[in-house]
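Residue numbers (full-length UniProt numbering), protein chains in the order written: chain A, 1 to 433; chain B, 1 to 433; chain C, 1 to 433.
The block underneath contains the structure these notes are about, expressed in structure tokens.
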């Protein structure tokens, strides 16, 4: 009878993680090679391939920081879920970058091999982003086992959808659609299936504390700073890549002003709300993604960021409560507001930019088809994955233990902090007295 | 009657932020373009301009981290002002980089346009640094509205002074004078005007707590590590840029040793003081700025760092209390010790280096003129801005609410942390008992 | 009588630090120059040397972040030793990079001069890593004076051993042997000499608290992300360097899965242990170091990471208690598990790779000799240094004050946090009542 909530992960988790890793090593042995340049002998004179690797490596590292520090710490805002946020983030992403290398590479085999170069590493990191976004929707309500399973399914589906969008001929250099909207709607669909009625009035651990909000700001600021690298890392070198950097830089700056303005506008007494600041300031990076490398002019990018900051903040204030109460979607981190709505806005901006001729070869119809396909695949894929995750033997936490690290982690001092220590001191003092 | 302390920012703040952002978008639409390379057709063969962009981009990102993580977290040392420190830092810098692009670019129009390239982005980030330094002087005693206004004025005045210094023919590659000394004396002049007699004996929230000092160290260490990028980002590529990196690297290392030594020397029982470690270890980066790209030899750079660490630590111990008690300048973060005195030292080092012929074309007289002009412009500009900020309708906090996030932010759990939670538990236990 | 525990560092520490810095400046004046390119006149057309500097600079900065943020914050896991962890880390590394420049450079003089280029800066940072690793073994049980002395001795010995290994003709691009194993066994030998019987049953300050574990994760994640730069920074540009990046990337990813799996497997109720996650996830970076640039194939790198994650976690569970109880080695941070065992594994992997012909010119016998020599030099050097550190006038802390910042630092609020504040409030409430 206790099966559904058997949360001791000792054998389930370790055997799953080890099996996955063994399978990955075998698949890598069969399919994955280094990308050997054509002219190995031309020493001294660096080849084009060598140049690209070392030129893009700093952008790769920026993206890497976004994935592991950015996403990881952004989710530490919960008062008692920081270990899981940053720890399971690392676990999922470490699995995901290996699995993503395979799933994306299988669409581009050369002589039956996936040849690893810097772009494949950037794309592998990108593929993990989708899972980390979806993780935000179900944060605190799932086990590590469930997250490993979600990573396997979501990255496989993501790679198919990405291939579909590329095949259609759509543009999405900063991945507003194929990563952000995809990850958000996949996660929301899974969250819908995993709905927990007992949490509909919230949970005492669902809030933040002062220092956990500061930890989350580490994530926010690293994401904010390095987003120009995210949106430009796989752009065509030269003017396209530069445009992607410039547009993202200014979109994010504009977005900050509107996120702050609307946070103050919608809150009691005009105070700023950390949830908005941590998330809505980033919406400009998401929303400018699809047309980041297009000729939309800096003021065009700023306009996109301006709108993104507004819709994201309003999303937190009005859409999230609606989703929770009416649609039974409990979105822990509000990924709908950071990735969902701004991802849609990015897709729409791409359609408009294509209409206005901002990108040679872009078609509004194809952009729209890519957006629609992405949302559809994400919702269906997320729902199916949700049903798999709902099977009652993956160690999901009971309602009362949600948002609580101590279920899956050794937490110092009986799950509590120094106050205990001082309470003990107090007790001693009382005894002494 | 309640007007001077009407701190509800709901409409004032949001309407100001939105208006500024709308105006910026309009000005960008008129004045700002991408920097299009001359030969767009030469695909495959990267142009000089393209090379510069991608070569300097990692240095830009280092500077970006200094502005947003470095300055932001350095100021989180206050026990109850972390949200404002990192949050308002982000707000000011996001506004400032847009406004700085315009203010600096207007001096260098091409066909009536500002063409954005990587150096303009680096300079835009630089221009925000001045405001963030000044922010440190008035931290905890001003509202977000006041800071937006200060950003507008300070960056405009900074851009004029920078243009003046360049026109004079002075050298200041790492901006000891035009950013650090300028930002510090501007902020101190404003702080003088905004003097609060009621705070002359301190304020209960003005100190740090254990974890807030660790958050501040995140800022310190990122500033420390990336300062070589700050001092070299706009240097002439090649040997000048390399010298700027090497000199800053060794100046900072030497500065750490003297900052620690003097912290122990001046403190009670020889203990180290976090305030010194967080700030004075960085003085070597400030002080070597003006002559960073000059041929001062590594040991010359180390000597500058050696002195900077000493004067900065002594500044905290002896000058800051003097400024507060005698000159009525309440310098919250001690920016005079991190940016003011080391900035002056940097200016003087530049004069000496010019005398010694360490830089072709440099003149000691012109360097001295640039230093004097910068201090003068900063003091006058800061004082005028201070009077504007003193107008009684910008929502500045009442004395008793200084250094307190809860005035402007939704702070979790009635402005307090988990202890409350445990107190409740205790209460429950008492009730149970 | 109080001499051995005279922990007031006022004059000892400050005079030592100042003397060292003055000596360093004098030695730099005599021995250290910029690396001037051969053709200074060829402006516009960047030389090979100039290209190398700016190409490797981002990798240098990644290594820099690992040294100062990575190592510094990794050690903040202790509840009351965060100031020392990140602060003394900065101090040691700032001294060490200057001293390392000299000690390594003296083996490669040109016309009696050490010409600073980017590789010398990277190597200087590397040399500090050995001391920071050893610092982890004695963390909480030593004074800043002792650490300055250890830095001087250890870096000198490290530079000799490195020269020996290079002279032998061994390969160790990512320094599994000459940095990680060396630093670990040096530190363990010193810790053995400094054994404190009174701490054999632990110390109340030796554990972590919730937020200190999160600060430590900042260190972990930055180390994890930038390890590919560490292992490739001084590799031959081109294919070797790319291989080093790719191998490290995948080794680390595989290592995460096995570290998590074994953490859950060996812990009570299958919970994850933060100590394992903070450290064992990095073992893959250490272990793949020696053969990072060799043709071991991605799956070979993953296999090394797979094993490293297992032995590191098992090391924490079984070897560390054994070392403490049987060998009287109290290894505060478990550096034996993060650097010692994985460093040995890396040395062994290098021997096997040489046998398999993965590196042209590599010999299994020479690799084995290099490994044996490194361990031997480290153990002897560490033991000698330990005896020097044991001299009773370096201000080492008494047993009861171990792991406690307040001995050497001004700590806010009588060494305690806000709880005090609330206790006061409670007291007031009681008084009011």
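Note that CB positions come from ideal geometry on N, CA and C, so glycine has one too.
Bear in mind the structure is a predicted one, so any value in this text is a computation, not a measurement.
- By the criterion of at least three beta-carbon pairs nearer than 8 Å, the segment 9-26 of chain A is not in contact with the segment 65-83 of chain A.
- The Cβ neighbour count for residue 167(A), taken over all protein chains shown within 10 Å, is under 16; the residue is labelled exposed.
- Taking C-beta atoms as the reference points, residue 231(C) and residue 244(C) count as a pair closer than 7 Å.
- Residue 160(A) holds the alpha-carbon nearest to the alpha-carbon of residue 182(A) among 300(A), 200(A), 160(A), 198(A).
- Note on geometry: alpha-carbon atoms of residue 207(C) and residue 400(C) lie some 15 Å from one another.
- Membership of residue 116(B) in the beta strand (DSSP E) is indicated by the continuous run 114-116.
- For residue 97(B), the neighbours in chain A by C-beta distance under 7 Å run, in chain order, 253.
- Linking residue 375(C) to residue 180(C) through their CA atoms gives a straight-line distance of about 10 Å.
- Taking 7 Å as the cut-off, the Cβ atoms of residue 409(B) and residue 272(A) count as close.
- Residue 32(C) is bridged by DSSP to 114(C).
- Relative to the Cα of residue 309(C), the nearest Cα in the group 392(A), 68(A), 91(A), 144(A) belongs to 91(A).
- Straight-line measurement puts the Cα of residue 233(C) at about 20 Å from the Cα of residue 238(B).
- Pairwise C-beta distances place the segment 90-105 of chain C in contact with the segment 242-256 of chain B, as three or more of them are shorter than 8 Å.
- Residues of chain C with a Cβ closer than 9 Å to the Cβ of residue 192(A) do not exist; the shortest Cβ-Cβ separation is about 28 Å.
- Against chain C, a Cβ distance below 7 Å from residue 267(B) picks out 410.
- Less than 7 Å divides the Cβ of residue 304(B) from the Cβ of residue 349(B).
- Taking 7 Å as the CB threshold, residue 147(A) stays off the interface with chain C.
- Annotation: residue 375(C) has no Cβ neighbours in chain A at a cutoff of 7 Å; minimum Cβ distance is about 29 Å.
- The Cβ atoms of residue 223(A) and residue 282(A) sit closer than 7 Å to each other.
- Non-local beta-carbon contacts of residue 274(A) in its own chain, meaning distances under 6 Å to residues more than five positions away in sequence, involve 213 in chain order.
- With respect to the 7 Å criterion, residue 362(C) and residue 173(C) are not classified as neighbours on the basis of their beta carbons.
- Assignment of residue 272(A) by DSSP, reduced to helix, strand and coil, places it in the strand class.
- With respect to residue 134(B), residue 100(B) sits apart: the two C-beta atoms are not nearer than 7 Å.
- Going by DSSP, residue 210(A) is part of the alpha helix (DSSP H) stretching over 210-232.
- The Cβ-Cβ distance between residue 335(B) and residue 137(B) falls below 7 Å.
- Rounded to the nearest angstrom, the gap between the Cα atoms of residue 18(B) and residue 261(A) is 6 Å.
- By the neighbour-count definition (other C-beta atoms within 10 Å, threshold 16), residue 365(B) is an exposed residue.
- Shown in chain order are the members of the segment 69-91 of chain C whose Cβ falls below 7 Å from a Cβ of chain B: 69, 72, 76, 82, 83, 86, 87, 90, 91.
- Cβ contact annotation for residue 170(A) (same chain, cutoff 6 Å, sequence separation greater than five): 366, 367, 370, in chain order.
- Counting only residues of its own chain and dropping the five nearest sequence neighbours on each side, residue 384(A) has a CB closer than 8 Å to the CB of 153.
- In the three-state reduction of the DSSP assignment, residue 162(B) falls in the helix class.
- DSSP places residue 49(A) in the uninterrupted alpha helix (DSSP H) bounded by 48-65.
- Its chain contains 216, 219, 220, 223, 278 as the residues whose beta carbon lies nearer than 7 Å to that of residue 74(A), once the 5 sequence neighbours on both sides are disregarded; these appear in chain order.
- Fewer than three beta-carbon pairs drawn from the segment 385-398 of chain A and the segment 57-70 of chain A are found closer than 8 Å, and the two stretches are therefore not classed as touching.
- Here DSSP, grouped into helix, strand and coil, assigns residue 99(B) to helix.
- Secondary structure within the segment 274-328 of chain C: the alpha helix (DSSP H) runs of 4 or more consecutive residues, fully enclosed, are 274-279, 283-287, 297-314, 320-326 (chain order).
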